[in-house]
Amino acid sequence: MSKSYGWKVRMAAGAALALMLAGCGTTAAQQNASASQKPVYGGTFSIGIPVDAGTLDPRLAQDTSAQAVDSLIFNGLVAINNSLQAVPGLATRWKQVNATTWDFTLRQGVEFSNGQPFTSADVVYTYQTILNPKFNAPHAQLYAPIKSVVALGKYEVQFNLSEPYAPLLSYLNMGIVPHLSAGGANFATHPIGTGPYELKSWQRNSQITLVRTPHFYGQKPYLSQIDFAVLPDNTAQVNALKAGTLNMITSPLPPQDIITLEKDPSVTVQKETGLGIIYLNLNLRDPILKDLKVREALDLLVNRQAITQSIYKGIDTPAATTLIPGTWAYDPNIQAPAFNVAAAKKLLAEDGWTKNSQGVLQKNGKTLTLTLSTYNDPNRVEILTYLQNVLSQVGIQAKVVQQDWATFIAGVMAHHYQVALIGWLGLVDPDKAMYEQFTTNGAFNWEGYSSPTVDQLLQSARTATTIAQRKADYDQASQIVLHDLPYIVLADQGWVVVTGKNVHGLQINRTGSFRNLESVWLSN
Amino acid sequence: MKRISLLVPVLLGISFVVFLLIHLIPGNPAATMLGTSATPAQIARLDHALGLDQPIWQQFLDYLGRVLQGNLGQSISQYQSVSSLIAYALPNTIELAVVALAIAVGLALPLGVASAVWRNSFFDFASMTFAQIGISMPVFWLGTLFVEFFALDLHLFPTFGIGPPVGTALASLVTGNVGPLGSLLAHVALPALTLGLTGAAIVSRMVRTAMIEVLGQDYIRTARAKGLSSGRIVWRHALSNALLVVVTVIGLQFGYFLGGAVIIESIFAWPGIGRLTVNAILARDFPLVQGCVLVIAALFAVVNLLVDVSYALLNPKIRYQ
């Protein structure tokens, strides 16, 4: 009984303390405090990740966990900074010789973590394997325009392209592997790179441990060990951070947890627009959805403000196009129409849809019914349930279907869907967000969209030699896509990093790379 | 021996059913492995490389041929042999299951027996209420509460993860170093307690029911008439007979701990075979699913065999050929 009373007192005290401290935004104050302290070397830094990496071979990796770990083990020819610009990595400089030829000068004196020297042979080998169809590299499509990679010298390589390819640099952050050691099947579980850390151990579904390597060419990072703990349960991640077992957790995190953590004085929350979007993919092969008026009405019925504020708590932000805010291609003037139920109703009426006795819209004997599908992500299911409710108010009968990821994406790829709520991640270049999605017969053009003008603009943007020309092409293409509505883009995804109070020097990096840990140190 | 030989057709049948089911559900391992960045041509190429474009019977026969040679194949999603993945996950699962079972039985036997002996008393009411709560409360909720209280509030246990391997901990013990064993026990405590309490709830109810039935038998009355002590009657004469029923439930519980503790494994980041199986299913990693199910089924069968053997030990009248 007394124990129970003690609990109540502690809970009440805790609640009072939480209320007192609520709203105490600590990020700026903490950063200042960090700046005034002297960095110290050493310590083990623990990060929570929701799923284990599939492979740590960067050429084969496609999950975010692997990409995060690999960003500390490997270096690419270039690195992509927070403004999404290519900066020197293993290549110290480069020049475009002509429209289809690029020369790269490599950094000298670099060693892999096994002591082997890094040379042009490693660059050639890395890209040759990626381009080899038998290797089955998931991102091979991004490198398809590369005709050959040849060594001009020990520290010079040349990329020859089959056609001009403007986004090339954005994709050359692929980790370079050692040609003498990366041929075996076990490279996936025993990776060797030129990054600041090397793999110490990998307990499957439990923990990946990296240690600082003495072979790294750059400035010695502060942390001597980095542990990636596989914690599928979000609550467990948050608890472990609060307990101090973890030093950092990152997106994806439930929005409600982020809001709670922002009020917790024992942690620091940093937020930034990420490189992902979520959108409704409309299957244009569907008899109902091939009608532009219906798609326009749907667009009017999507309340982006409500979705981002109520469901994502303002962490994700409303979006109209696949172009990411804060990048050179983004045009803030391209906006989606505001949520307007009356206008949607009017549009459908003009299109000949009338309500039947059950209150469902119909035209030529066909009712306006839609299946809204997604995979089992609670927030996305909530969006579709909300949308289902709004649609029912205008007489559109909608059904929400949620499936596991493999089933869902197989259905989308086979065009067995009407409206699918999906996302794109890692959009480092607008080409990655548009070319395969909107060109006729593009690899990810699951919706069956075709516009000769968009085809021409996206091709032009790929071959343009200036950023200004590329921007003009992407902005114009985005406006046409926004008019034709194969996609209804809902939101730009936020990137959130939460750290414990003893973590200093962390600059948020929205690319999802963990290379920013090089400047992080731990205080006692 | 006859019973052991029966395992072979059972495992074969399970393999066949699982193989059919996993191939019937939508979703393609090649597409999952390559992600959304892959083109249809890439997926088709990988399908071919993995032999997934072969007729399903051909794929099953190939699989069976490999298994009979002791080769469970290569995981599609984790780039490692299935046997090495299972070899890592299985000891973790067994460790958790054994500790959880010890907690479950250690709590359930005294509670169930006492409830039966003091039937309809306050103790009976209290212990059966505990059992009802244990059965009804979702395991993820119980686990989260334990973390909040024991790990965050009292800082007694870590919130997640596994300690050192059992072998390492025991080897250190020999040299007088108790640290690794302490770490192992601290890590296993909360997941095992969560799992064990739900098991204890079920088993204690079974013990109570079985004991009430046995305590009403004529031979118990005879024992009392002969002047045997209550303790001897309850623990020697009644419980040994009641255990025949209870052991079956304990066996089933142990089987569940071995194969079905997926939620606990997720909450406590315990790298066991349950999570390995679920991840494999989600990734449509056919060889890994097959391997995991085969091992779980074999374990279940072995546990059932041990339960059957224990019948003979508990009741000398039961004899197996």
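For the protein sequence lines, the chains are X and D, in the order given. The opening residue of the first sequence carries number 1 in this note's numbering; numbering runs sequentially from there. The opening residue of the second sequence carries number 525 in this note's numbering; numbering runs sequentially from there. Built from N, CA and C at the ideal position, the CB exists for glycine as well. Bear in mind that the values here come from a model prediction, so they are computed numbers and not experimental data.
- In the DSSP assignment, Ser607 of chain D falls within the alpha helix (DSSP H) that extends over 606–641.
- The C-alpha of Ala747 of chain D is placed about 7 Å away from the C-alpha of Ile757 of chain D.
- Of X:Gly442, X:Lys313, X:Pro378, the smallest CA-CA separation from Asp492 of chain X is found for X:Lys313.
- When the beta-carbon positions are compared, Leu531 of chain D and Ala825 of chain D come within less than 8 Å of each other.
- X:Leu421 is the residue among X:Leu421, X:Ala461, X:Thr367 whose C-alpha sits nearest the C-alpha of Glu382 of chain X.
- DSSP places Thr801 of chain D in the uninterrupted alpha helix (DSSP H) bounded by 797–806.
- The segment 451–465 of chain X and the segment 225–237 of chain X do not touch, with fewer than three beta-carbon pairs separated by less than 8 Å.
- At least 8 Å separates the CB of Trp495 of chain X from every CB of chain D.
- Chain D places a beta carbon closer than 8 Å to that of Lys242 of chain X, counting this residue as a contact.
- DSSP, reduced to helix, strand and coil, places Asn160 of chain X within a strand of the structure shown.
- Within the model, the alpha-carbon separation for Gly703 of chain D versus Pro615 of chain D is close to 20 Å.
- Residues of the same chain with a CB within less than 8 Å of the CB of Tyr612 of chain D, apart from the 5 flanking positions on each side, are Pro795 in chain order.
- For the 8 Å CB-CB criterion, Pro232 of chain X and Val51 of chain X form a contact.
- By the neighbour-count criterion, in which 16 or more other beta carbons inside 10 Å mark a residue as buried, Gln335 of chain X falls on the exposed side.
- For Thr119 of chain X, no beta strand (DSSP E) segment is defined, and its DSSP state is neither H nor E.
- Taking a C-beta distance under 8 Å as the contact criterion, Leu169 of chain X and Val269 of chain X do not qualify as a contact pair.
- Ser607 of chain D is outside the set of residues whose beta carbon lies under 8 Å from a beta carbon in chain X.
- Distance from the Cα of Leu347 of chain X is smallest, within the candidate group X:Lys293, X:Gln116, X:Tyr487, for X:Lys293.
- Residues of the segment 534–557 of chain D with a C-beta less than 9 Å from any C-beta of chain X: Ile549, Pro550, Gly551, Asn552, Pro553, Ala554, Ala555, Thr556, Met557, listed in chain order.
- In terms of Cβ geometry, Pro811 of chain D and Ile580 of chain D do not form a close pair [threshold 8 Å].
- Annotation for Lys242 of chain X: no beta strand (DSSP E) segment contains it, though the alpha helix (DSSP H) segment containing it runs 234–243.
- Straight-line measurement puts the Cα of Thr563 of chain D at about 14 Å from the Cα of Thr439 of chain X.
- The way I'd put it, the segment 468–483 of chain X doesn't touch the segment 501–514 of chain X; fewer than three beta-carbon pairs between them come closer than 8 Å.
- Within chain X, Pro133, Asn136, Ala137, Pro138, Ala140, Gln141, Ala443 have C-beta atoms less than 9 Å from the C-beta of Gln566 of chain D, given in sequence order.
- Contact between Leu246 of chain X and Ser46 of chain X holds, since their C-beta atoms are separated by about 5 Å, short of 8 Å.
- Using beta-carbon distances, Asp431 of chain X does not count as an interface residue toward chain D, since no partner is under 8 Å.
- Tyr127 of chain X and Val149 of chain X have their C-alpha atoms spaced approximately 7 Å apart.
- Straight across, the Cα-Cα distance linking Ala406 of chain X with Val769 of chain D is about 42 Å.
- Secondary structure note for Phe228 of chain X: its beta strand (DSSP E) is the uninterrupted segment 225–230.
- Residue burial is scored here from C-beta neighbours: Ile726 of chain D has at least 16 other C-beta atoms within 10 angstroms and is therefore classed as buried.
- In the displayed model, Pro318 of chain X falls within a strand according to three-state DSSP.
- Between Pro196 of chain X and Phe228 of chain X, the C-beta spacing is not below 8 Å.
- The alpha carbon of Leu570 of chain D has as its nearest neighbour, out of X:Thr44, X:Gly115, X:Ala53, X:Leu60, the alpha carbon of X:Leu60.
- Listed in chain order, the positions of the segment 35–68 of chain X with a beta carbon within less than 8 Å of a beta carbon of chain D are Val51, Asp52, Gly54, Thr55, Asp57, Leu60, Gln62, Asp63.
- Judged by beta-carbon spacing, Asn160 of chain X lies within the 8 Å limit of Thr101 of chain X, meaning their Cβ atoms are closer than that value.
- For Pro318 of chain X, the closest alpha carbon among the candidates X:Val124, X:Gly276, X:Ala344 is that of X:Gly276.
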